[in-house]
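Okay, so the sequence shown: first residue is 6 according to the working numbering, each after it adds one. Even glycine gets a Cβ: it sits at the ideal position worked out from N, Cα and C. Just so we're clear, the structure is a prediction, and the values are computed from it rather than from any experiment.
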Amino acid sequence: MPVTDTHAMISGMTPALQPGAWVFCTMPEPVGLADAFALIREAEGMTLILPFDVAQAAGQDVSVVMSLITLEVFSDLEGIGLTAAVSTALAGAGISCNVVAAYHHDHIFVGQADADRAVKVLKALQQDASKS
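What follows is the structure in structure tokens.
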């Protein structure tokens, strides 16, 4: 059952660093679609989130390598506050993030060098929410 309460979403988010390296790229015709984490259609073109090796093989710019953190709480699509809490906590630690919300979970992309630190920040946020 989806969680809608902000406090419950944060205290139950359980951030989990996923394996692999990811790259955001844009192209007129999608390459590597079967391996894509996401495809987003924008007015300027399609954005794909691809595994590093797939993006590299397709000749895409792979200079910004991201890690993927999945918040394992089943957050409701109409839930309020989870994205704000997560992005605020990461911003406070000087960590840039890109959030992709899907049906079951929210997914946070952070620079690969910041991945372990980002998980620590999010776990601290979760623990603080669990105490109150």
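Asked, Found
"State yes or no: is the C-beta of serine 92 within less than 7 Å of the C-beta of methionine 14?", "no"
"Alanine 89: which of Gly64, Leu130, Ser72, Leu55 sits nearest, CA to CA?", "Leu130"
"Which of the three DSSP states is assigned to isoleucine 85 in this structure?", "coil"
"How far does the beta strand (DSSP E) with alanine 106 in it extend, from its first residue to its last?", "102 to 106"
"Could you pull the start and end residues of the beta strand (DSSP E) that threonine 31 belongs to?", "27 to 32"
"Identify which residue in Ala21, Met18, Ile74, Thr19 has its Cα closest to the Cα of valine 115.", "Ile74"
"Kindly list the residues whose CB is nearer than 7 Å to the CB of glutamine 61, restricted to its own chain and excluding five residues on each side of it in sequence; keep chain order.", "Val67"
"Using 7 Å as the threshold, is the C-beta distance between leucine 95 and alanine 123 below it?", "yes"
"Should methionine 6 go down as buried or exposed, given a rule of 16 or more other Cβ atoms within 10 Å for buried?", "exposed"
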